[in-house]
Amino acid sequence: MTEIYLTASLVLYKPDFLVLGRTLDALQRAFVFARQEHKLHLELTLVDNSDDREWAERIEKWVEERALKLDGWKISLLNPESNLGYGRGNNLVIERVESDYHLVINPDLFLEPDALHQALDFMQSNPDVGLLVPSVFGEDGQRQYLCKRSPTLFIMFLRSFAPNWTQSVFSSVIEKFEMCDQNYEEIIEGVQYPTGCCMFFRTQLLQQIKGFDPDYFLHYEDADIGRRLSMIARIVYVPNVRVIHLWARDTHHSRKMLWITVRSGWIYWRKWGGAFRSSFGYGFTPQNIKKIEVAKSMPRKKILVTGANGFVGQHLCARLRHEGCVVRGAVRQISHQGLARDVEQFPIGSVDQHTDWSIALADVDAVIHLAARVHVMCDSAKDPLTEFRKVNVIATSNLARQAASAGVKRFIFISSIKVNGEGTPIDKPFTAEDVPAPVDPYGISKHEAEEALKKIADETGLELVIIRPVLVYGPKVKGNFKELMRWLFKEIPLPVGTINNKRSLVSLGNLADFIVTCLAHPRASNQVFLVSDGIDLSTPELLTMTALAMNKKTHLVAVPANLLCSLGELLGKKMVVQRLCESLRVDIGKNRELLGWIPPVSVEAALEETVSYYMADYDR
């Protein structure tokens, strides 16, 4: 049974403790029910926006008492000491959680006993769904029509401020807005404006869009997040997931809330437009999903993979064979280890400007160019840049020109994140549109290769895809990652306890899946992509998760970063220490928006696979 981690956030403002108690009781019942079928872990965080010390003390005491009654799940409390609003309050939790799914609920929302079970079943079976919208009823059993289309300025007025007689006149407009033309007893695709009272997110995607827009204090933040999430994932109403909501239309009863609603409506309209007609447009629809699935099934295409018996090449060739491709692997010399027998090995010898690729390229549909002179920590060459250019620029250009002449349609070049630079501020990840800023000879050569390939593509019509991976890990990984595993296996104390950085990584599985997507997706042509697992980890987090997969204890010693860097320089390990201490993050939003690609392999699963291979190899 797969372990599932569910987090939840609930924002409070001077709550009714009896109602809040019912909310937690319902969550408890739903959790117990779901655990009958799922190995579920749950942690709820309450965010106290009450902005009142007396209320803060009351809530803290109440939470402490409730925590003693919980069965198998955790509850915690955050007190920001000011009223941040609904979205920013939830964001305090969203930005820090590590889970598979995240539930946002109101303090007056009661889950039906089977609600979590039904939601998990649906989300586990539909990995392209980013947000599940439940079926909402009042305590009187009346349905609340909370699947809505994107609001217009006119709808905002009708719903929040217009008198009843005006709403009656325009009832057909309101009914269309509330999607009353849809059957609420069936699954509804294309919900544009999901209800904010209960939102069941896929955490990875929620964090990708950075949660709620902090500009909204209250109201329309759910409409806004629906528009942004719909650009990268499906939003689906699922009738079997039922909840009870004590809905209070506060806009009509408070001048303060009236002003807050007006302000939020103005922010929404300024951002998205639409006075009488919505400007809504999906970037990720069921139709797109079908196209993506078709694009990934590539029967009998012949693919040439250079560097086929390398770390990435072996895994990629196996994946391509699984997809039904005919795989030809260009290798220095034929080897019977690493590559499957059904991969046609083509010995190419040394790769340089004179290499004849004509036979290897015969009848090939696409080339995936992995072979390169790779980055090394201590390069012994007298002129490293010249040596890198010979293989990474000149030899690559030679291959690309011959591929274009041979009728190859698509050329995928595996570049490096070093083209972007060596590091990022923790809050500003690299993007594919950034101006390249390579520093070392390897990064410079990869950038020059990209520019040479773009020129060839312009001249010949060759479809070029450039992929810049971050650090790749997986079974058979070597270098610093393997060294870290060796230290963790021996439970050696590591002086990184105070490091507060974030680094992007990519597993072999996710990298191979993204390459397969780029092979046939029409929108990948002539694009540059960065690729990662979509989850960034600090060095302590990475070590802790890896040690957990090993069933080993971590011993992280608190050493100031400045002192650690000085020691690294003294010991000739300056670059290693920099990678341990500094941040390097990438934004893969372009991959989701343009190709609909979501990393299919979780970090936990990829680390477990990496560690399992290492442990077996170590035992030998």
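First residue of the sequence shown: 879, per the numbering used here; consecutive thereafter. Even glycine gets a Cβ: it sits at the ideal position worked out from N, Cα and C.
In chain order, which continuous runs of the alpha helix (DSSP H) of length 4 or greater are located wholly inside the segment 1071-1132? Taking only runs of at least 4 residues, the alpha helix (DSSP H) segments lying wholly in the segment 1071-1132 are 1081-1086, 1099-1107.
query = Under a Cβ-count criterion, where at least 16 other Cβ atoms within 10 Å of its own Cβ denotes burial, should I1065 be classed as buried or exposed?
reply = It counts as exposed.
Contact set for P1314: own chain, Cβ-Cβ below 7 Å, skip 5 residues either direction: Correct list, in chain order: V1297, N1298, H1325.
Inset, instruction - For I836, collect the residues of the same chain with a Cβ closer than 8 Å to its Cβ; drop the 5 residues on either side in sequence, then sort them by chain order. - result: Absent from the structure is residue 836, since the part of the chain shown begins at 879 and ends at 1498.
Kindly confirm or deny that the segment 1177-1190 and the segment 1245-1252 touch, where touching means at least three C-beta pairs closer than 8 Å.
Touching, yes.
query: Exposed or buried, what is E932 when buried is set at 16 or more other beta-carbons lying within 10 Å of its beta-carbon?
result: With fewer than 16 Cβ atoms within 10 Å of its Cβ, E932 is classed as exposed.
Q. What number of angstroms, rounded off, separates the C-alpha of R1084 from the C-alpha of P1418?
A. Residue 1084 is actually Leu in this sequence, not Arg. A straight-line Cα-Cα distance of about 23 Å links L1084 and P1418.
- Option nearest N968 by Cα separation, candidates L1442, R1401, M1077, T1044: It is M1077 whose Cα lies nearest to the Cα of N968.
- For I1413 and I1170, the rounded distance between their alpha carbons: With a pLDDT of 37 at I1170, under the threshold of 50, the predicted position of this residue should be treated as unreliable, though the coordinate-derived value follows. Straight-line measurement puts the Cα of I1413 at about 23 Å from the Cα of I1170.
**Asked** T885 and V975: beta carbons closer than 8 Å?
**Response** Taking 8 Å as the cut-off, the Cβ atoms of T885 and V975 count as close.
Requested in this report: Within the same chain, show all residues whose beta-carbon is closer than 6 Å to that of V1406, passing over the 5 residues directly before and after it, in chain order.
Outcome: In chain order, A1310, I1344 place their CB closer than 6 Å to the CB of V1406, counting only its own chain and leaving out the 5 sequence neighbours on each side.
| field | K1174 - DSSP class collapsed to helix/strand/coil | value | The predicted model places K1174 with a pLDDT of 41, which falls under 50 and marks its position as unreliable, so this point remains unresolved.
| query | Out of curiosity, what's the CA-to-CA distance linking D986 and T901? | reply | Annotation: D986 to T901 spans about 6 Å, alpha carbon to alpha carbon.
Exercise. Look at the alpha carbon of V1409 and the alpha carbon of Q1280, and state the distance between them as a whole number of angstroms.
Key: Spanning the two alpha carbons is a distance of roughly 27 Å.
Since M1428 contacts V1489 with CB under 8 Å, what's their CB separation in whole angstroms? Their Cβ separation, rounded to whole angstroms, is 5 Å, which keeps M1428 and V1489 in contact under 8 Å.
Backbone secondary structure at I1167 - three-state DSSP: Reliability of the predicted coordinates at I1167 is poor, the pLDDT of 39 falling under 50, and the value obtained from them is presented with this limitation in mind. DSSP, reduced to helix, strand and coil, places I1167 within a helical segment of the structure shown.
| request: Let me know the secondary structure DSSP gives P1307 once reduced to three states. | output: Reduced to three states, the DSSP call for P1307 is coil.
Would you kindly work out how many angstroms separate the C-alpha atoms of E1329 and L1277, rounded to a whole number?
The alpha-carbon atoms of E1329 and L1277 are separated by roughly 15 Å.
_Are the CB atoms of V1011 and Y1098 within a distance shorter than 8 Å?_
Their beta carbons are not under 8 Å apart, which means Y1098 does not touch V1011 by this criterion.
Inset, instruction - At 4 residues or longer, and completely inside the segment 1245-1290: list those alpha helix (DSSP H) runs for me, N to C. - result: Within the segment 1245-1290, the complete alpha helix (DSSP H) runs of at least 4 residues fall at 1262-1267, 1274-1283.
So for G1159, helix, strand or coil by DSSP?
Low confidence applies here, because G1159 scores a pLDDT of 41, under 50, leaving its location unreliable; read the following figure in that light. Coil.
Taking only three categories from DSSP, how would you classify V1014?
Three-state result, V1014: strand.
Checklist entry - Can you tell me the Cα-Cα spacing of R907 and D999, whole angstroms? => result Straight-line Cα distance between these residues: approximately 17 Å.
Query raised in the report: Relative to the alpha-carbon of R1288, which residue among L1342, N1270, K1268 has its alpha-carbon at the smallest distance?
Result: The shortest Cα separation from R1288 among L1342, N1270, K1268 belongs to L1342.
On a CA-only basis, which of S1028, I983, R913 is nearest G1143? Give me that one, please. It is S1028.
In chain order, what residues of the same chain lie with their CB nearer than 6 Å to the CB of E990, ignoring the 5 residues before and after it? Only residues of its own chain outside the window of five on either side were considered, and among them R1120 have a CB closer than 6 Å to the CB of E990, listed in chain order.
(Q) Measuring only the C-alpha atoms, how far is N1469 from P1478? (A) Each residue's alpha carbon lies about 13 Å from the other.
Comparing alpha-carbon positions, which option in S1385, L1472, F1392, I1370 lies nearest L1434? Considering only alpha carbons, the answer is I1370.
(Q) Determine whether the beta carbon atoms of K1026 and Y1071 lie at a separation below 8 Å. (A) In contact: K1026 and Y1071 (Cβ atoms closer than 8 Å).
Self-check item: Exposure label - D978; buried when at least 16 CB within 10 Å
Solution: Around the CB of D978, 16 or more other CB atoms lie within 10 Å, so the residue is classed as buried.
Review point. Does the beta-carbon of H1232 have 16 or more other beta-carbons within 10 angstroms, so that it is buried, or is it exposed?
Key: With fewer than 16 Cβ atoms within 10 Å of its Cβ, H1232 is classed as exposed.
Taking W1475 as the reference, which of Q996, T1338, E921, P1005 has the closest Cα? Closest option to W1475, Cα to Cα, is P1005.
Going along the chain, which residues of its own chain have a beta-carbon closer than 7 Å to the beta-carbon of N1379, five neighbours each way excluded? Around N1379: I1304, S1416, T1417, C1459, E1460, S1461.
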